[in-house]
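Chemist: Residue numbers (this note's numbering): 1 to 195. Quick one: the structure is below, and I'll ask about it shortly.
Spelled out as structure tokens, the structure:
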């Protein structure tokens, strides 16, 4: 058996960021998608099958994210039998512990002593949009530049011919100036070199 469950549950998520909300020394963090996988059996017992987290893509467009999941476990046969027959399992009190706990203040995070097992993966198909005044200003600048270039497109062939002729005139003038600075005995009036 494949052991894959397909769900199609579209949802919309909107996040806003205001510079006034952040302190000067804090760096803004990109949004994180946390997931908790639960199972429900015939007797209406549920078990936590896994936890996972992924940082949302920073670029707009369609993205597919595969999040590996894990769950905390108790060691021993009795714990596994309890999970199987009675349902229920160890659960995290704070879902942010899947990644970096909200209460964490140190430099290094150690999960030593937390026993876990991998339980599979969850795949998300995301369609991301981003809107910002900064994005709008840069895109309007690009649009203005594009419209100027589009208007000049008709003149581009004429201007390139003009540029070539102008470069030829400058090169000819420099050659004539260089010839004029040569001693007269090297250059004959007919333009041939005297040997």
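Ideal placement from N, C-alpha and C gives every residue a C-beta, glycine not left out.
1) Would you report the Cα separation of residue 163 and residue 169, rounded to the nearest angstrom?
2) Terminal residues of the continuous beta strand (DSSP E) containing residue 116?
3) Among 182, 3, 73, which has the Cα closest to the Cα of residue 113?
4) Please return the same chain residues whose Cβ sits closer than 7 Å to the Cβ of residue 50, not counting the five positions on each side in sequence.
5) For residue 97, which beta-bridge partners are listed by DSSP?
6) According to DSSP, is residue 167 part of a helix, a strand, or is it coil?
7) Tell me which same chain residues have a C-beta within less than 7 Å of the C-beta of residue 75, skipping the five on either side of it?
8) Any idea if residue 5 is buried or exposed, counting beta-carbon neighbours within 10 angstroms, 16 or more meaning buried?
9) Secondary structure at residue 176, three-state DSSP: helix, strand or coil?
10) Quick one: is residue 52 buried, meaning 16 or more other Cβ sit within 10 Å of its Cβ, or exposed?
11) List the whole-angstrom C-beta distance separating residue 48 from residue 96, where the pair is believed to meet the contact cut-off of C-beta under 8 Å.
12) Where does residue 58 land, buried or exposed, given buried means 16+ other C-beta within 10 angstroms?
13) Kindly list the residues whose CB is nearer than 7 Å to the CB of residue 55, restricted to its own chain and excluding five residues on each side of it in sequence; keep chain order.
14) What ranges does the beta strand (DSSP E) occupy inside the stretch 40-79, keeping only unbroken runs of at least 3 residues that lie completely in it?
15) Using the Cα positions of residue 66 and residue 34, report the straight-line distance between them to the nearest angstrom.
16) Per DSSP, which one or two residues make a beta bridge with residue 33?
17) Going straight from the alpha carbon of residue 110 to that of residue 93, what length do you get?
18) Run the CB neighbour count on residue 10, radius 10 Å, all protein chains shown included, and call it buried at 16 or more, exposed below.
19) Tell me which same chain residues have a C-beta within less than 8 Å of the C-beta of residue 98, skipping the five on either side of it?
20) Given a threshold of 16 other Cβ atoms within 10 Å of its Cβ, counted over all protein chains shown, does residue 122 qualify as buried or as exposed?
Modeler: With the structure as the only source:
1) By one-based count along the chain shown, residue 163 stands at place 163. By one-based count along the chain shown, residue 169 stands at place 169. If you take the alpha carbons of residue 163 and residue 169, they lie about 10 Å apart.
2) Counting from 1 along the chain shown, the entry for residue 116 is found at position 116. It spans 116-128 - the beta strand (DSSP E) in which residue 116 sits, taken as one unbroken run.
3) The residue you call residue 113 lines up with position 113 of the chain shown. When each option's Cα is compared against that of residue 113, the closest is 73.
4) Along the chain shown, read from residue 1 onward, the residue named residue 50 stands at position 50. Taking residue 50 as the centre and dropping the five residues before and after it, the same chain places the C-beta of 37, 69, 70, 71, 119, 120 closer than 7 Å to its C-beta, in chain order.
5) Sequence index remark: in the chain shown, residue 97 carries index 97 (1-based). Residue pairing for residue 97: DSSP places it in no beta bridge.
6) The count along the chain shown starts at 1 and reaches residue 167 at position 167. Collapsing the DSSP output to three states places residue 167 in a helix.
7) One-based indexing of the chain shown puts residue 75 at position 75. Contacts found: 115.
8) Taking the chain shown and counting its residues from 1, one reaches residue 5 at position 5. It counts as exposed.
9) Here residue 176 refers to the residue found at position 176 of the chain shown. Look at residue 176 here: in three-state DSSP terms it is helix.
10) Locating residue 52 in the chain shown gives position 52, counting from the first residue. Counting the other Cβ atoms within 10 Å of the Cβ of residue 52 gives 16 or more, which makes it buried.
11) To locate residue 48, count along the chain shown from 1; it is residue 48. To locate residue 96, count along the chain shown from 1; it is residue 96. About 16 Å separates the two Cβ atoms, so there is no contact after all.
12) Here residue 58 corresponds to residue number 58 of the chain shown, with the count starting at 1. Counting Cβ neighbours within 10 Å, residue 58 comes out exposed, since fewer than 16 surround it.
13) Indexing the chain shown from 1 puts residue 55 at position 55. So the list reads 30, 32, once near-sequence residues are dropped.
14) Listed in chain order, they are 46-55, 61-72.
15) Start at 1 with the first residue of the chain shown, and residue 66 comes out as number 66. Start at 1 with the first residue of the chain shown, and residue 34 comes out as number 34. Between the C-alpha atoms of residue 66 and residue 34 there is a straight-line separation of about 12 Å.
16) Here residue 33 corresponds to residue number 33 of the chain shown, with the count starting at 1. Beta-bridge pairing links residue 33 to 54.
17) As a working mapping, residue 110 is identified with position 110 in the chain shown. As a working mapping, residue 93 is identified with position 93 in the chain shown. Distance between the alpha carbons of residue 110 and residue 93: 17 Å.
18) Counting from one through the chain shown, the residue named residue 10 turns up at place 10. Residue 10 comes out exposed.
19) Within the chain shown, the letter at position 98 stands for residue 98. So the list reads 34, 51, 52, 53, 92, once near-sequence residues are dropped.
20) Here residue 122 refers to the residue found at position 122 when the chain shown is read from its first residue. Under this definition residue 122 is a buried residue.
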